[in-house]
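**Q** This is the structure I want to talk about, given as structure tokens.
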Amino acid sequence: MDQDQAFRRTLAGLTATAALLAGCGSETPEPAKTSAPAATTSSTPSTPPHIPVTQSEHQIFEKLYVEKCIKGQQNDPDSLVKDDQELGRVCECMAKEISQRISKADAVHFNQKGEFPFDLVIMSNQAANHCLGSS
1 MDQDQAFRRT
11 LAGLTATAAL
21 LAGCGSETPE
31 PAKTSAPAAT
41 TSSTPSTPPH
51 IPVTQSEHQI
61 FEKLYVEKCI
71 KGQQNDPDSL
81 VKDDQELGRV
91 CECMAKEISQ
101 RISKADAVHF
111 NQKGEFPFDL
121 VIMSNQAANH
131 CLGSS
């Protein structure tokens, strides 16, 4: 039971890191880019709400997400989870869980920039709860 609580704290740290990477709480706005910034948010009216994510985008997302998840935990000196096999299992579970619900805009944003849009941070928290509950 203590290991489960330790793992939850560790994954909470990962999602906090994801929030920082996404720029949450930044006081200075990010400069405007020449590419279409509307594609990075799923709630923008100009973005059609139900464009399906391609199988290729799902696969790229899952691979990148697992890599970032594992690296983030291995590089965290406060990480209480030292078992790489268990960490890999949970990160893969999270990637698959998120991939089922991710919007095309968020998948493309993550795949191209390696950044966590806000919706992805929320989905990471939900996926952590789901994947830890099934262990």
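Here UniProt numbering is used: the first residue of the sequence shown is 1, the next is one more, and so on.
Beta carbons: idealized from backbone N, C-alpha and C, even for Gly.
1) Could you tell me the distance, in whole angstroms, from the CA atom of GLU92 to the CA atom of HIS50?
2) Find the nearest neighbour of PRO117 within the set SER79, GLN126, ASN111, ASP106, judged by alpha-carbon distance.
3) In this structure, how does DSSP classify ASN75 when only helix, strand and coil are distinguished?
4) Inspect the CB distances between the region 66 to 78 and the region 87 to 101 and report whether three or more fall short of 8 angstroms.
5) Could you check the C-alpha separation between GLU27 and VAL121 for me, to the nearest Å?
6) Excluding five sequence neighbours on each side, which residues of the same chain lie with their C-beta closer than 6 angstroms to the C-beta of ILE98?
7) Alpha carbon to alpha carbon, how far is PHE110 from ASP78?
8) For ASP119, count the other beta carbons within 10 Å of its own beta carbon; 16 or more makes it buried, fewer makes it exposed. Which is it?
9) Could you please give the first and the last residue of the uninterrupted alpha helix (DSSP H) stretch that includes GLU92?
10) For ALA95 versus GLU57, is the C-beta spacing smaller than 7 angstroms?
**A** Quick answer:
1) The straight-line gap from Cα to Cα measures roughly 25 angstroms.
2) ASP106
3) If DSSP states are grouped into helix, strand and coil, ASN75 belongs with coil.
4) yes
5) Its pLDDT being 35, under 50, GLU27 is placed unreliably by the model, and the measurement read from it follows with that caveat. Rounded to whole angstroms, GLU27 to VAL121 spans 19 angstroms at the Cα level.
6) MET123, ALA127
7) 26 angstroms
8) buried
9) First-last of the alpha helix (DSSP H) with GLU92: 84 to 101.
10) no
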